[in-house]
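Student: This is the structure, below, for whatever I ask next.
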Amino acid sequence: MHRRLIGMKNNERTTSDPAAGLGELAALIERHAPTDGSHETAVPALRFIRATDTYGTVHSVYTPSLCIIAQGAKTASLADERYRYDPASYLVTSVHLPIAGRVVRASPEEPYLGLHLGFGTDDILDLAEEFDPASYGGTEVERGIGIDTLTPELLDAVVRLVRLLDSPQDVPVLAPLVIRETLYRVMQGKLRRMMLTFAAAGSHSHRIAGAIRLIRRDFDKPLRIERLAKEVHMSASALHKHFKKATAMSPLQYQKAIRLQEARRLLLAESLEAADAAFRVGYESPTQFSREYARMFGLPPISDVQSVRGALLASERR
């Protein structure tokens, strides 16, 4: 194993009992995330999420990341697919995906407690040498999201990473080592191929990751499939085929999801009129925007904003 894989020092206690490990992880998250919402930590790639109720669906773009639940349960929906995970499992995304997330098990007595650990292409490629290329070879595109079973070894690494927050002086040195070990444990499971194919230069998955990056960068501009395909060195038909395999949607559907999520953010954060938000994200027709917005979020723009703000006020009063 690579000499930089593991470094424990003051963080060297291990977690051999999964139930005890999950209990400790839940207690640590609850201490560092005392209120509902998302909480950044001293480890830049790590954040915690807490919820005391199943408030509804949250639409966001998941970055390449590992998501683990210490307490509660959640679903992540991509297009028409739904992925459910809980303390017995974990979710990984290897590319930016527009996800509808919903906490499905939480209460004030037992809040939902989860963590999100982001990673980059370099993190994955750095680990590629640890595995036999034959175990992840081939050019077939993988879906950019998957679920696997939480192992004691992975749980142990994650608990030790979170413990580091109690020793901030150790974070700069030890956190990168424990994160590397954590990703190594993930890649020992069935999601290794998915993670490596999106990172490996020259693969179809890597080209799709490039197409996604370009769509996200220019989401408010008209999408020209032929031009996009040329930029990622694919034919238009191959781009469409492999893009749908990776994301469960076409490039145009992906762009629409990104546009609508950004429009919703503008409506909530900047109090824009619906027509102004529509133009800001690239729609020429406010009517079409309102129709597609309602299809995605369940209500027309103004009604949806009022509903979201009402729900937030109600949760603050609890």
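Residues 9 to 326 in this note's numbering are what the sequence shown spells out, letter by letter. All C-beta atoms in this analysis are idealised placements derived from N, C-alpha and C, irrespective of residue type, glycine included. Since this is a predicted model, take the numbers as computed values, not measurements.
#1: Thinking Asp44 and Ala59 are a contact (beta carbons under 8 angstroms), I'd like their distance in whole angstroms, please.
#2: What did DSSP end up calling Val194 once you bin it into helix, strand or coil?
#3: Measure the alpha-carbon distance for Asp131 versus Val194 and round it to whole angstroms.
#4: Helix, strand or coil, according to DSSP, for Gly15 in the structure here?
#5: Starting from the C-beta of Glu300, find all residues in its chain whose C-beta is less than 7 angstroms away, skip the five residues before and the five after it, and write them out in chain order.
#6: I need the boundaries of the alpha helix (DSSP H) containing Leu262, first residue and last residue.
#7: Can you name, in chain order, every residue of its own chain whose Cβ lies under 7 angstroms from the Cβ of Thr129, other than the five neighbours on each side?
#8: What's the call for Gly306, buried or exposed, on a 16-neighbour Cβ count within 10 Å?
#9: So is Glu189 buried or exposed if we call it buried at 16+ other beta carbons inside 10 Å?
#10: Do you know how far the Cα of Arg288 is from the Cα of Lys252?
#11: Could you tell me whether the stretch 172-192 touches the stretch 209-217, where touching means 3 or more Cβ pairs closer than 8 angstroms?
#12: Within the same chain, show all residues whose beta-carbon is closer than 8 angstroms to that of Ile223, passing over the 5 residues directly before and after it, in chain order.
#13: Let me know the secondary structure DSSP gives Glu239 once reduced to three states.
#14: Can you tell me which of the three DSSP states Glu32 falls into?
Tutor: Checking against the coordinates, here is how it stands:
#1: Position 36 of the sequence shown, counted from the start, is the residue given in the question as residue 44. Position 51 of the sequence shown, counted from the start, is the residue given in the question as residue 59. Taking 8 angstroms as the upper bound for CB-CB distance, Asp44 and Ala59 are in contact here, some 5 angstroms apart.
#2: Position 186 of the sequence shown holds residue 194. In this structure, Val194 counts as helix in the three-state DSSP scheme.
#3: Here residue 131 refers to the residue found at position 123 when the sequence shown is read from its first residue. Here residue 194 refers to the residue found at position 186 when the sequence shown is read from its first residue. In this structure, the CA atom of Asp131 is about 12 angstroms from the CA atom of Val194.
#4: To locate residue 15, count along the sequence shown from 1; it is residue 7. Model confidence at Gly15 stands at a pLDDT of 44, short of 50, so the residue's coordinates are unreliable and nothing is read from them.
#5: Locating residue 300 in the sequence shown gives position 292, counting from the first residue. If we look at Glu300 and ignore the five residues flanking it on each side, its Cβ neighbours are Lys264 and Leu268.
#6: In the sequence shown, the residue the question calls residue 262 occupies position 254. Note that residue 262 is Tyr in the sequence shown, not Leu. Tyr262 -> alpha helix (DSSP H) spans Pro259 to Glu278.
#7: Here residue 129 corresponds to residue number 121 of the sequence shown, with the count starting at 1. Taken in chain order, the residues that qualify are Ala207.
#8: One-based indexing of the sequence shown puts residue 306 at position 298. Gly306 sits exposed, since fewer than 16 C-beta atoms from the chains shown fall within 10 Å of its C-beta.
#9: Against the sequence shown, residue 189 aligns to sequence position 181. Flag for Glu189 reads buried.
#10: Within the sequence shown, numbered from 1, the residue matching residue 252 stands at position 244. Within the sequence shown, numbered from 1, the residue matching residue 288 stands at position 280. Cα-Cα distance, rounded: 26 angstroms.
#11: Counting C-beta pairs with one atom in each stretch, the stretch 172-192 and the stretch 209-217 have fewer than three that are closer than 8 angstroms, which means they do not touch.
#12: The residue given as residue 223 occupies position 215 in the sequence shown. Only residues of its own chain outside the window of five on either side were considered, and among them Leu231, Leu236, Pro259, Tyr262, Gln263 and Ile266 have a CB closer than 8 angstroms to the CB of Ile223, listed in chain order.
#13: By one-based count along the sequence shown, residue 239 stands at place 231. DSSP places Glu239 in helix when its eight states are reduced to three.
#14: As a working mapping, residue 32 is identified with position 24 in the sequence shown. DSSP places Glu32 in helix when its eight states are reduced to three.
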